[in-house]
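Here is the structure we will look at.
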């Protein structure tokens, strides 16, 4: 699935427990002449499916409740099937202007240090997130020339 809140295809829900890599999402893209203009998906609207997705991602019940309890609680009361579609306005403007790069038209560019002044991204990540993504941080060894 695209992200942990995208509804799996009905016939793929069983794969969440047996072979999560085979699970496809109810997601879609809008493309024009090879340009992706937008995308969207149907969201998970059943607590049981959301819990299966969390388990497939190795998020245990305690962590799921801590981080997403509000959502799981709400889904227990029922939610209608729902989804959405978002267009990339910057992609459309890039195409309309004949620009070669989205960077020429992007509304919220990053600083030279790749930081977003609006959202303060990037933000810190905890050890568990790094481990889940198989990312290891290592300290750079300084040479004697660098120390001097």
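Numbering (this note's numbering), first residue to last: 15 to 162.
Built from N, CA and C at the ideal position, the CB exists for glycine as well.
Every value quoted in this text rests on a predicted model; they were computed, and no experiment measured them.
(request) With DSSP as the reference, label residue 152 as helix, strand or coil. (result) The residue given as residue 152 occupies position 138 in the chain shown. Three-state result, residue 152: coil.
(request) Run through the stretch 89-151 for me and flag every whole alpha helix (DSSP H) of 4 or more residues, listed as ranges in chain order. (result) 103-111 and 141-146
(message) Just to confirm the assignment, what range does the beta strand (DSSP E) spanning residue 57 have?
(response) Locating residue 57 in the chain shown gives position 43, counting from the first residue. Note, residue 57: beta strand (DSSP E), 49-57.
(message) Does residue 22 pass the burial test, meaning 16 or more other C-beta atoms within 10 Å, or should it be called exposed?
(response) Taking the chain shown and counting its residues from 1, one reaches residue 22 at position 8. The residue is buried, with at least 16 neighbouring Cβ atoms inside 10 Å.
(request) Could you check what DSSP says for residue 20 in three-state terms: helix, strand or coil? (result) To locate residue 20, count along the chain shown from 1; it is residue 6. Strand, per DSSP.
(request) Please state if the CB of residue 69 and the CB of residue 20 are separated by a distance shorter than 9 Å. (result) The residue you call residue 20 lines up with position 6 of the chain shown. The residue you call residue 69 lines up with position 55 of the chain shown. For residue 20 and residue 69, no; Cβs fall outside 9 Å.
(message) Any contact between the stretch 46-56 and the stretch 101-120? By contact I mean 3 or more CB pairs, one from each, below 8 Å.
(response) yes
(message) Buried or exposed, going by whether 16 or more other CB atoms sit within 10 Å of the CB of residue 62?
(response) Start at 1 with the first residue of the chain shown, and residue 62 comes out as number 48. Per the 10 Å Cβ criterion, exposed.
(request) Grab the span of the alpha helix (DSSP H) containing residue 70 for me, first residue to last. (result) As a first step, residue 70 is located in the chain shown; it is residue number 56 there, counting from the start. Unbroken alpha helix (DSSP H) run through residue 70: 61-70.
(message) Buried or exposed, going by whether 16 or more other CB atoms sit within 10 Å of the CB of residue 55?
(response) Here the question's residue 55 lines up with position 41 in the chain shown. Buried, because 16 or more other Cβ atoms sit within 10 Å of the Cβ of residue 55.
(message) My output table needs one value for residue 87: the three-state DSSP class, helix, strand or coil.
(response) Looking up residue 87 in the chain shown gives position 73. Helix, per DSSP.
(request) Go ahead and label residue 73 buried or exposed: buried means 16 or more other beta carbons lie within 10 angstroms of its beta carbon, across all protein chains shown. (result) One-based indexing of the chain shown puts residue 73 at position 59. So residue 73 ends up on the buried side.
(request) Would you decide whether residue 108 is buried or exposed? Buried here means 16 or more other CB atoms lie within 10 Å of its CB. (result) Mapped onto the chain shown, residue 108 falls at position 94. It counts as buried.
(message) Can you check which of these residues, 75, 64 and 153, is closest to residue 27 by C-alpha distance?
(response) Stepping through the chain shown from its first residue, residue 27 is reached at position 13. Here the closest residue by C-alpha is 64.
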